[in-house]
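With the first letter of the sequence shown counted as 1, position 45 gets the number 45 in full-length UniProt numbering; the numbers rise by one all the way through.
Contents: one structure, followed by commentary.
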Amino acid sequence: MKASVDPEICIGCTLCTQTCPGVFKMKDGKSIAYKNPVPDAFKEACKNAAQECPASAIMIEE
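Here's what the structure looks like:
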């Protein structure tokens, strides 16, 4: 599974970094997915972060 964040859509709310800090971190005021492929231990939290993103900026590729 791979995660990515569209920087044009991301509003920098940090919700994903709080929900899944093992995959997402902030860079220049926007979130980035820094760990790909997503480790098994973080898959559920990563999916939750994508669902909770208020801007729908996170893409998950199975």
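For every residue, glycine included, the Cβ atom is placed at its ideal position computed from N, Cα and C.
Taking Asn36 as the centre and dropping the five residues before and after it, the same chain places the C-beta of Lys2 closer than 6 angstroms to its C-beta, in chain order. The beta carbon of Cys20 sits closer than 8 angstroms to the beta carbons of Phe42, Ala45, Cys46, Asn48, Ala49 from its chain, once the five residues preceding and following it are set aside; these are given in chain order.
With 16 or more other Cβ atoms from the protein chains shown falling within 10 Å of its own Cβ, Ser31 counts as buried. Pro39 has its alpha-carbon roughly 23 angstroms from the corresponding atom of Cys10.
In the structure shown, Lys25 falls within a strand segment according to DSSP collapsed to helix, strand and coil.
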